[in-house]
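As structure tokens, the structure follows; a few thoughts come after it.
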Amino acid sequence: EETKEILCSPVKGQLIPLSQVKDETFASEILGTTVAVIPEDGKITAPCDGEVSLIYDTGHAVCLTTKAGGEILIHIGIDTVKMEGKGFVKKATVGDQVHAGDVLIEADLEAIRAAGYETATMMILSNADDFASVEKAEPGQVENNNMVMTIKKV
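Under this note's numbering, the first residue of the sequence shown is numbered 3, with each subsequent residue one higher.
Next up, the structure:
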């Protein structure tokens, strides 16, 4: 039986090619299959239904486990861990059952830019090897409810 999951964009903005991500770790997908969005607002939302498995104290990143077992990392900005939590408000806690579109973190994009960091927000499927296929959407404008990745287990 095939399990298919649609992962929506974690933020409204511009889905960009990974070649435009100014961080080699994300751009080369070392951590897993990656999509990147230049955000237009700071509402970081759950890409699908699942459980919050980790939320960093600094609020710059959150991990979810999807219903099909996908391990998702959402990382807001590049090197933003160095902001030590300034500009990030956590709206979820570990163990929360969340639904697609629920706000996980509110990020102050102006504060990120003012601190000299890129706002590009990455969503990474860190256990892509567990899935038979992972498809990514083409670059372009996305809303929080737009599909950016489809994962299938056979």
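The beta carbon of each residue, even a glycine, is placed where N, CA and C say it ideally should be.
Since this is a predicted model, take the numbers as computed values, not measurements.
Same chain, Cβ closer than 7 Å to residue i, neighbours up to 5 away in sequence not counted
i     : result
Ile57 : Val64, Lys92, Ala94, Thr95, Val96
Alpha carbon of residue i to alpha carbon of residue j, nearest angstrom
i      : j      : result
Gly118 : Val156 : 44 Å
Ala38  : Ala122 : 6 Å
Cβ-based burial, residue i [other Cβ within 10 Å; buried from 16]
i      : result
Ser11  : buried
Pro41  : buried
Gly142 : exposed
Glu7   : buried
Ile80  : buried
His62  : buried
Helix, strand or coil at residue i [DSSP, three-state]
i      : result
Ile114 : helix
Ala109 : strand
Glu7   : strand
Sequence-distant residues of the same chain with beta carbon closer than 6 Å to residue i, five excluded per side
i     : result
Gly71 : none
His77 : Ala63, Met124
Beta-carbon proximity list for residue i, same chain, < 8 Å, skipping 5 on both sides
i      : result
Asn146 : Cys10, Ser11, Pro12, Val13, Lys14, Lys45, Thr47, Gly103
Glu140 : Leu17
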